[in-house]
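A.B. asks: Residue numbers (my numbering), protein chains in the order written: chain A, 4 to 116; chain B, 4 to 116.
Shown below is the structure under consideration.
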DNA sequence: CGATATGTTCGATGGCCATCGAATAATAAA
DNA sequence: TTTATTATTCGATGGCCATCGAACATATCG
């Protein structure tokens, strides 16, 4: 992966709020859990953890519940994470499906190897 | 490592120029090598590669030679990399010693583990 | 249909930041 | 000591960006 792509990824994760959102999706649980009670993502009713390929439903709503940011700001952050290639999202009716991009995860893991 | 620390690291690496500088130091060779002829860092006369603990001398000068940025800007970028804990630098007379911080490298590698 | 819930888009705003050149400091060489 | 080299600091500037609220769009429910 090219340097400019890496700087894009790092720029996307350089915002503390956006990093939190990304990790919420990545871990499939509320990143502010330790401080605020640990509301968890429900992935199709399960309580799964860490398989990056898993599709998260209602990601947007859950992030809204966990973070004190306006909806428009959160929408913006989702878009930035998509633009950096970190996640892919898709709407179906009122459901917002979302998953982490495996390639990006691999790229991050391969950085400094 | 805490999320806020990670966002600091990622912020430092989110600038394409700064990422290039960091990788120059990390790899101990000129990051713009492919495009511009590959002037190399001389680490005490050797032609070493990738041991993060190695101290690089005259890092500042070499970066100045490799990049088209003013010295003040490069000085600023070195400072930002230090503030993020990615490198440590030290002046001794006219020599500028510099090395990558192992802990930071480990933290980056452990991200998403 | 009307009401409610859920996301998106837009314009504004305030703040941060990459970059520069000039001035300064510190050191080495002549 | 004078000069040249090298790095830091400072102030200015232009641009990007995180955030908000309002308006709009879309979909579900009653």
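In this text, a Cβ means the ideal position worked out from N, Cα and C, and glycines have one as well.
What is the residue span of the alpha helix (DSSP H) that residue 99/A lies within?
C.D. replies: No alpha helix (DSSP H) contains residue 99/A, which is instead part of the beta strand (DSSP E) from 98-103.
A.B. asks: Measure the C-alpha to C-alpha separation of residue 65/A and residue 11/A and round it to an integer number of angstroms.
C.D. replies: Approximately 25 Å between the Cα atoms of the pair.
A.B. asks: If you reduce the DSSP assignment to three classes, tell me which class residue 19/A lands in.
C.D. replies: Reduced to three states, the DSSP call for residue 19/A is helix.
A.B. asks: Out of curiosity, what's the CA-to-CA distance linking residue 13/A and residue 104/B?
C.D. replies: Distance between the alpha carbons of residue 13/A and residue 104/B is about 18 Å.
A.B. asks: Which residue wins for smallest C-alpha separation from residue 88/B, given the options 95/B, 110/B, 72/B, 76/B?
C.D. replies: The option with the nearest alpha carbon to residue 88/B is 110/B.
A.B. asks: Where do the N-terminal and C-terminal ends of the alpha helix (DSSP H) with residue 83/A fall, by residue?
C.D. replies: Here the alpha helix (DSSP H) through residue 83/A covers 74-86.
A.B. asks: Where does residue 31/A land, buried or exposed, given buried means 16+ other C-beta within 10 angstroms?
C.D. replies: Residue 31/A should be labelled buried.
A.B. asks: Does the beta carbon of residue 6/A come closer than 9 Å to any beta carbon on chain B?
C.D. replies: Yes, because at least one Cβ of chain B sits closer than 9 Å to the Cβ of residue 6/A.
A.B. asks: What residues of chain B sit near residue 2/A, judged by a beta carbon separation below 9 Å?
C.D. replies: Outside the modelled stretch of chain A, which goes from 4 to 116, sits residue 2/A, for which no answer is possible.
A.B. asks: What are the residues of the region 60-90 of chain A that lie near chain B, defined by any Cβ-Cβ distance shorter than 8 Å?
C.D. replies: So nothing in the stretch comes that close.
A.B. asks: Pull up the DSSP beta-bridge partners for residue 113/B, would you.
C.D. replies: Paired residues: none, contrary to the question.
A.B. asks: In whole angstroms, what is the alpha-carbon distance linking residue 6/A and residue 19/B?
C.D. replies: Roughly 7 Å between the two C-alpha positions.
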